[in-house]
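Residue numbers (the numbering used here): 654 to 1110. All C-beta atoms in this analysis are idealised placements derived from N, C-alpha and C, irrespective of residue type, glycine included. None of these values were measured; they are calculated from a predicted model. Beneath this line is the structure, given in structure tokens, with notes to follow.
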């Protein structure tokens, strides 16, 4: 049974009709007093609470009721209903135990999704069990490892994947955040729909709206045709927002709106479009610290992290290193047509001792580099040691300025200028030579005020 607490009869009636149509048993209460009369005889599966009652508009009545409900039974999930004017209060409510908040006028689809997600997550969790049992229940083909920490993560994502819960994936660079996001999508009801990846760290603030929401012809000088944005591409599917901690505050506001209202306007258009997407975010930064410092919006933080998955560094699961190394080598057998290729047992044990600060990405690069440069099919410790540090450290040191003679930012500027000159301002080639995306290069060009003429689109 769901309980709706709102002094407005029209709202209670509207929500009751909507939820009954979805198969829920529903009861309504017009006041905190009536709420607790109901709670004396029945325990709802979930309560929807308006933040304001009677003529009061501060939202404090709803906050007080939330605290009383949590004191009565902390296990009952509560969704707060609020207007934009009290969103800050709703965020505070989530700190105090609310499961979610919706704004008036609510989107029916989003509200139903939120209720279904919260009820699903309220069910008791199962023990992770063995990797074999997990693979029987879920599609985790591209995720390698048997470490207990990894198995717990796989159990969690298998459990939340069928819901539309927003997921925040955290962890160091190279720990496999994109693979986890893909696994959530492949195990969801949206698996036959698009999975759209967006590297927010590579999109400048001036391109943000055009990239994510699209633009119409004539929206700006070079907008010669209409362009579909990433959110519209992901309609009915999943959008993966990587490096969300890199967004500036102005872009965070624009992102929050589409996550909250599920609507957006393409750049240059005044017509709103509705979008149905599952949102997965990832970052290697500490968003809680950024919220405290004022560099990341608190309301956006609580909107994206209903479920948080923290990936361990590879050094925290060393027993998985031999398995990952063998997995990469097996893949390279086909790519390089070397069916006899394998890693010796001694080398697998040695790889397990490496610190691998770059995590899985560094290990994969090391294995592939060694496969390419080693002439023999059985890779031993010596083969890996020769390729552990790519390039000659001594010659590299000669090319690097003396410590203190130049800042890192000045060095980056000089390298970009040299690359632009060398490749005659061809952005794709410059970005490739610097090991970054075109969007990341555009962001740096904007940052350093570097202008250039190029016929490249």
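Determine the burial state of residue i: buried for a count of at least 16 other Cβ atoms within 10 Å of its Cβ, exposed for fewer.
| i | result |
| --- | --- |
| residue 873 | exposed |
| residue 830 | buried |
| residue 862 | buried |
| residue 1163 | The structure shown does not extend to residue 1163, since the chain is modelled only from 654 through 1110, so no value can be given for it. |
| residue 1045 | Confidence at residue 1045 is low in this model, with a pLDDT of 39, below 50, so the placement of that residue should be treated as unreliable; the coordinate-derived value is given next. That one is exposed. |
| residue 992 | exposed |
| residue 814 | buried |
| residue 868 | buried |
| residue 838 | buried |
| residue 731 | buried |
| residue 968 | exposed |
| residue 1047 | With a pLDDT of 38 at residue 1047, under the threshold of 50, the modelled position of this residue cannot be trusted; read the value that follows with caution. Exposed, because fewer than 16 other Cβ atoms sit within 10 Å of the Cβ of residue 1047. |
| residue 1094 | buried |
| residue 1024 | buried |
| residue 753 | buried |
| residue 1036 | buried |
| residue 841 | buried |
| residue 1028 | exposed |
From residue i to residue j, what does the alpha carbon distance come to, in whole angstroms?
| i | j | result |
| --- | --- | --- |
| residue 789 | residue 816 | 19 Å |
| residue 676 | residue 944 | 39 Å |
| residue 1031 | residue 977 | 17 Å |
| residue 1049 | residue 1064 | Low per-residue confidence applies at residue 1049: pLDDT is 41, beneath 50, and the placement is therefore not dependable enough to give any value. |
| residue 597 | residue 825 | Because residue 597 is not part of the residues shown, which for the chain are 654 to 1110, the question remains open. |
| residue 1096 | residue 697 | 50 Å |
| residue 890 | residue 931 | 6 Å |
| residue 673 | residue 679 | 7 Å |
| residue 1051 | residue 987 | In this prediction, residue 1051 scores a pLDDT of 44, lower than 50, which makes its location untrustworthy; no coordinate-derived value is stated. |
| residue 946 | residue 953 | 14 Å |
| residue 771 | residue 761 | 16 Å |
| residue 1009 | residue 1060 | 27 Å |
| residue 666 | residue 844 | 35 Å |
| residue 773 | residue 818 | 10 Å |
| residue 686 | residue 909 | 35 Å |
| residue 695 | residue 859 | 53 Å |
| residue 736 | residue 766 | 19 Å |
| residue 836 | residue 823 | 15 Å |
| residue 1087 | residue 1066 | 12 Å |
| residue 791 | residue 934 | 21 Å |
In its own chain, which residues sit with a C-beta less than 7 Å from the C-beta of residue i, not counting the 5 before and 5 after it?
| i | result |
| --- | --- |
| residue 853 | 894, 895, 896, 897, 899, 900 |
| residue 1033 | 997, 999, 1000 |
| residue 846 | 889, 890 |
Which residue from the options puts its Cα closest to that of residue i?
| i | options | result |
| --- | --- | --- |
| residue 973 | 1019, 1090, 748, 803 | 803 |
| residue 856 | 904, 741, 714 | 904 |
| residue 699 | 722, 1080, 807 | 722 |
| residue 713 | 1005, 733, 691, 694 | 733 |
| residue 827 | 783, 793, 966, 917 | 966 |
| residue 919 | 1023, 876, 775, 685 | 876 |
| residue 801 | 690, 753, 783 | 783 |
| residue 706 | 1094, 692, 684 | 684 |
| residue 795 | 1018, 1062, 984, 1103 | 984 |
| residue 1018 | 1002, 1042, 1028, 1035 | 1042 |
| residue 937 | 970, 911, 1012, 1075 | 1012 |
| residue 655 | 768, 940, 786, 923 | 768 |
| residue 964 | 842, 740, 834 | 834 |
| residue 764 | 805, 750, 671 | 671 |
| residue 669 | 660, 1006, 681 | 681 |
| residue 776 | 729, 1099, 740 | 729 |
| residue 750 | 725, 720, 740, 757 | 720 |
| residue 970 | 799, 664, 924 | 799 |
| residue 1074 | 1103, 1062, 1089, 1088 | 1103 |
| residue 756 | 662, 881, 726, 914 | 914 |
| residue 866 | 923, 1078, 902, 917 | 917 |
| residue 725 | 692, 870, 759 | 692 |
Closer than 7 Å: is that where the CB of residue i sits relative to any heavy atom of the ligand ATP?
| i | result |
| --- | --- |
| residue 766 | This structure lacks the ligand ATP; in fact it carries no ligand of any kind. |
Identify, in the order they occur along the chain, each residue of the same chain with its Cβ nearer than 6 Å to the Cβ of residue i, setting aside the five sequence neighbours on each side.
| i | result |
| --- | --- |
| residue 747 | 955 |
| residue 849 | 883, 886, 887, 892 |
| residue 961 | 821 |
| residue 1111 | The structure shown has nothing for residue 1111, since the chain only spans 654 to 1110. |
| residue 958 | 821 |
| residue 1004 | 974, 978 |
| residue 688 | 658, 682 |
| residue 851 | 883, 894 |
| residue 1076 | 1082, 1083 |
Whose C-beta lies closer than 8 Å to the C-beta of residue i among residues of the same chain, with five residues either side of it excluded?
| i | result |
| --- | --- |
| residue 745 | 716 |
| residue 995 | 979, 982, 1030, 1031, 1032 |
Consider the Cβ of residue i: report whether some Cβ of chain D lies at a distance smaller than 8 Å.
| i | result |
| --- | --- |
| residue 945 | Among the protein chains of the structure shown there is no chain D, as only one such chain exists. |
(request) For the segment 805 to 852, list the beta strand (DSSP E) runs that are entirely contained and at least 3 residues long, ordered along the chain. (result) 820 to 823, 848 to 852
(request) Any chance you could list the beta strand (DSSP E) runs of at least 3 consecutive residues sitting entirely within the segment 891 to 977, in chain order? (result) DSSP runs (the beta strand (DSSP E)) wholly in the segment 891 to 977: 891 to 895, 931 to 936, 960 to 963.
(request) Would you mind listing the alpha helix (DSSP H) stretches within the segment 725 to 762 that are 4+ residues and don't spill past its ends, in chain order? (result) 740 to 748
(message) Quick check on the DSSP output: what are the complete alpha helix (DSSP H) runs of length 4 or more inside the segment 662 to 725, in order along the chain?
(response) 662 to 674, 685 to 692, 713 to 725
(request) Just list the alpha helix (DSSP H) runs in the segment 987 to 1075, keeping only unbroken ones of 4 residues or longer that don't cross its boundaries, in chain order. (result) 998 to 1004, 1012 to 1026, 1034 to 1040, 1046 to 1052, 1061 to 1075
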